[in-house]
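*Asks:*
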Amino acid sequence: MRSLQGAGQVWRRLDVTLRDLPLGTLFLVASFLPGLRGHGTQVGDLATRPFDALAVVALALECLPLVVRRRWPVICLALVACGFALDQLRGYHSAAGTTLLVALISAGCHLEQRRRTTVVLLSVAYVPLAIALARLGSGGETAAEFATFYLTLALAWGAGAWLRSTRAAEAARRERVAAETRTAERIRIARELHDVVTHHVTAMVVQAEAARYLTAAPERLEQSLTTVSDTGRRALTDLRHLLDLLNPGHGTDYGVGPGEATQSTQATQARTPAVGRVLTLVEQTRRAGQPVDFTERGTPPASTGSADLVAYRVVQEALTNALKYAHGSRTSVQVQRGEREITVEVSTDGSGSRTTAAAAGSGRGLAGLRERVDVLGGDFSAGRGPDGGFTVRARIPADGTS
């Protein structure tokens, strides 16, 4: 099976002229077979004559140009038409006469410019050929039979034109799908960057602002600065992971040796919260000065697809917003894990500072969360409560994949 696939790949890599060479050779050889000689395409009622020197010329004009039928379709069609006319006027009636239909299909499919001009010229050229065949014949061929053969030629051209339009439509569809895929990928990357950068940078800003008031307490100041440093490392780790997804063949440890790279990787992995480890987010937010109550119930199934990651991102975005717009307000995080779905609810009571600044946010993070949850077939809601607080709820099917 692999050998056949390898042979197919080698065949597709060959030039089109080499791939079309066997077709022309097949028609040329078939024309000299005794059983097929004189039993080919016949227009008019001229008597069949044996091959002579002109027959070789006619066969060469009909068969050999098929080598360039896709590269130069007009030249191929013109030469084949001349060979066909010589074949019919001399009465050879060879099997190579069928190549006219092949050339017409190829021209209808591959010709890019002056298609209408080509059709008009071929139609005009057919008229004197039909008149000459009628005069050289015995008169048994009627005009209806010449018209029928012309319709056959027109159907061959139409088949090629249909193939051309089908391929063009398929190419347009593939281009459209590729464009949509690129757009979706850019949106996904933007969401990941928003989740990673916004959460970690917000935590670092809040912790750095708090550190300014801890100069009189060196121990607490050192703890705050250590938290800022750890948060920065997590941000770098998440960004490197995202870059690995964008460019898998490029290492994320720059300018370090193999041993140092291994130690750096192990160290960063130790700081990186695993997907679904919501508790890590809660502890990081608490260290930034945000009081958070955390409740997690239920046991997740063995496989939750993308649901666990989406639940993690919902908590991450909600806690980030709480730090930015309701710093100091009591925040509650509730995660319920079931066999079929994961339910997440993050609420802030709105009693802290800057609670009114939430309206100034861009809303990009919440919109991205809504789209993620919708893709998995879940429900998402976010809004203010009667007490001025803000609540984010998400129901995510546990078997969802994205």
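For the sequence shown, the positions run 10 to 411 when the numbering used here is used. In this text, a Cβ means the ideal position worked out from N, Cα and C, and glycines have one as well. From a predicted model like this one, the values you see are computed outputs, not experimental measurements.
Counting Cβ pairs, one atom from each stretch, are 3 or more of them under 8 Å apart for the segment 51-58 and the segment 26-41?
*Replies:* No, the segment 51-58 does not touch the segment 26-41.
*Asks:* Could you name each continuous alpha helix (DSSP H) segment of 4 residues or more that falls completely within the segment 84-147, going from the start of the chain to the end?
*Replies:* Fully enclosed alpha helix (DSSP H) runs of 4 or longer: 108-119 and 124-145.
*Asks:* With DSSP as the reference, label Y263 as helix, strand or coil.
*Replies:* As a first step, residue 263 must be located in the sequence shown, where it is residue number 254. Note on Y263: pLDDT 41, under 50, position unreliable in the model; the coordinate value appears next. Correct three-state label for Y263: coil.
*Asks:* Under the rule that 16 or more other beta-carbon atoms within 10 Å means buried, what is T340, buried or exposed?
*Replies:* By one-based count along the sequence shown, residue 340 stands at place 331. So T340 ends up on the buried side.
*Asks:* For Q51 versus G106, is the C-beta spacing smaller than 9 Å?
*Replies:* Sequence index remark: in the sequence shown, residue 51 carries index 42 (1-based). Sequence index remark: in the sequence shown, residue 106 carries index 97 (1-based). Against a cut-off of 9 Å, the Cβ pair of G106 and Q51 comes out as a contact.
*Asks:* Here's the rule I'm using: 16 or more other beta-carbon atoms within 10 Å means buried, otherwise exposed. How should Q325 be labelled?
*Replies:* Numbered from 1 along the sequence shown, position 316 holds the residue referred to as residue 325. Classification for Q325: buried.
*Asks:* So, at 6 Å on beta carbons, what are the nonlocal neighbours of E380 in its own chain, with the 5 sequence-adjacent residues on each side left out?
*Replies:* For the purposes of this step, residue 380 is taken as residue 371 along the sequence shown, with counting starting at 1. Closer than 6 Å at Cβ, skipping near neighbours: no residue.
*Asks:* Mind reading off the beta-carbon distance from L73 to F93? Whole number of angstroms is fine, and I expect it under 8 Å.
*Replies:* Counting from one through the sequence shown, the residue named residue 73 turns up at place 64. Counting from one through the sequence shown, the residue named residue 93 turns up at place 84. Contact flag wrong, Cβ pair sits at about 13 Å.
*Asks:* Measure the Cβ-Cβ separation of I351 and A376 and say whether it is below 9 Å.
*Replies:* Position 342 of the sequence shown, counted from the first residue, corresponds to residue 351. Position 367 of the sequence shown, counted from the first residue, corresponds to residue 376. Contact: no.
*Asks:* Any contact between the segment 381-390 and the segment 328-339? By contact I mean 3 or more CB pairs, one from each, below 8 Å.
*Replies:* Result no; under three Cβ-Cβ pairs closer than 8 Å.
*Asks:* Taking the DSSP output, what are the residues bridged to E305?
*Replies:* Translated into positions along the sequence shown, residue 305 becomes position 296. Answer is V344, bridged to E305.
*Asks:* Given G49, which residues of its chain have a CB within under 6 Å of its CB, disregarding the five upstream and five downstream residues?
*Replies:* As a first step, residue 49 must be located in the sequence shown, where it is residue number 40. H102, S103, A104 and G106.
*Asks:* For L234, which option in A217, V401 and A244 has the closest C-alpha, if you only look at C-alpha atoms?
*Replies:* Residue mapping note: residue 234 aligns to position 225 of the sequence shown, counting from 1. Minimum Cα distance to L234 is reached at A217.
*Asks:* From R286 to L202, what distance separates their C-alpha atoms?
*Replies:* As a first step, residue 286 is located in the sequence shown; it is residue number 277 there, counting from the start. As a first step, residue 202 is located in the sequence shown; it is residue number 193 there, counting from the start. So the two alpha carbons sit approximately 19 Å from each other.
*Asks:* Express the C-alpha separation of A153 and A143 in angstroms, rounding to a whole number.
*Replies:* Position 134 of the sequence shown, counted from the start, is the residue given in the question as residue 143. Position 144 of the sequence shown, counted from the start, is the residue given in the question as residue 153. Going from the Cα of A143 to the Cα of A153 covers about 12 Å.
*Asks:* On a CA-only basis, which of R124, T126 and Y159 is nearest V136? Give me that one, please.
*Replies:* Here residue 136 refers to the residue found at position 127 when the sequence shown is read from its first residue. It is Y159 whose Cα lies nearest to the Cα of V136.
*Asks:* Looking at the secondary structure, which residues open and close the beta strand (DSSP E) in which V401 lies?
*Replies:* In the sequence shown, counting from the first residue as 1, residue 401 sits at position 392. F399 to P406 is the span of the beta strand (DSSP E), which, as asked, contains V401.
*Asks:* Leaving out the 5 sequence neighbours to the left and right, which residues in its chain are closer than 6 Å to A178 when beta-carbon positions are compared?
*Replies:* Counted from its first residue, the sequence shown places residue 178 at position 169. Nothing listed; no residue qualifies.
*Asks:* Measuring alpha carbon to alpha carbon, tell me which of L113, V66 and V83 ends up nearest Q122.
*Replies:* Reading the sequence shown from its first residue, position 113 is the one you call residue 122. Answer by Cα proximity: V83.
*Asks:* Bridge partners for V355 per DSSP, in chain order?
*Replies:* Here residue 355 corresponds to residue number 346 of the sequence shown, with the count starting at 1. In the DSSP output, where bridge partners are listed per residue, V355 has V342 and V401.
*Asks:* What number of angstroms, rounded off, separates the C-alpha of L131 from the C-alpha of E194?
*Replies:* To locate residue 131, count along the sequence shown from 1; it is residue 122. To locate residue 194, count along the sequence shown from 1; it is residue 185. C-alpha separation (whole angstroms): 50 Å.
*Asks:* For the beta strand (DSSP E) that G33 lies in, which residues bound it at each end?
*Replies:* The residue given as residue 33 occupies position 24 in the sequence shown. That residue, G33, is in no beta strand (DSSP E); its alpha helix (DSSP H) goes V25 to S40.
*Asks:* Could you give the distance in angstroms between the alpha-carbon of R200 and the alpha-carbon of L328?
*Replies:* Stepping through the sequence shown from its first residue, residue 200 is reached at position 191. Stepping through the sequence shown from its first residue, residue 328 is reached at position 319. Their backbone Cα atoms lie some 16 Å apart in a straight line.
*Asks:* Applying the 10 Å Cβ sphere with the 16-neighbour rule, what's the burial state of T304?
*Replies:* As a first step, residue 304 must be located in the sequence shown, where it is residue number 295. Its Cβ having fewer than 16 others within 10 Å, T304 is exposed.
*Asks:* Identify the continuous alpha helix (DSSP H) that holds A62 and give its terminal residues.
*Replies:* The residue labelled residue 62 in the question sits at position 53 within the sequence shown. A62 to C72 is the extent of the alpha helix (DSSP H) around A62.
*Asks:* Enumerate in chain order the residues of its own chain whose CB-to-CB distance from Q343 is below 7 Å, with the five nearest sequence positions on each side excluded.
*Replies:* Along the sequence shown, one-based indexing puts residue 343 at 334. Closer than 7 Å at Cβ, skipping near neighbours: T304 and E354.
*Asks:* If the criterion is Cβ atoms closer than 9 Å, does the pair R346 and T400 meet it?
*Replies:* Looking up residue 346 in the sequence shown gives position 337. Looking up residue 400 in the sequence shown gives position 391. No, these two residues do not count as a Cβ contact at 9 Å.
*Asks:* Locate the alpha helix (DSSP H) running through A297, then write down its first and last residues.
*Replies:* Along the sequence shown, read from residue 1 onward, the residue named residue 297 stands at position 288. Element bounds for A297: n/a, residue is neither H nor E.
*Asks:* For G5, name the three-state secondary structure that DSSP assigns.
*Replies:* With the chain running from 10 to 411 in the structure shown, residue 5 is simply not present.
*Asks:* Would you kindly check if the distance between the Cβ of V76 and the Cβ of L138 is under 9 Å?
*Replies:* As a first step, residue 138 is located in the sequence shown; it is residue number 129 there, counting from the start. As a first step, residue 76 is located in the sequence shown; it is residue number 67 there, counting from the start. Not in contact: L138 and V76 (Cβ atoms no closer than 9 Å).
*Asks:* With T50 as the anchor, note down where its alpha helix (DSSP H) starts and where it stops.
*Replies:* On the sequence shown, residue 50 is found 41 positions in, with the first residue counted as 1. Run containing T50: none; DSSP gives neither H nor E here.
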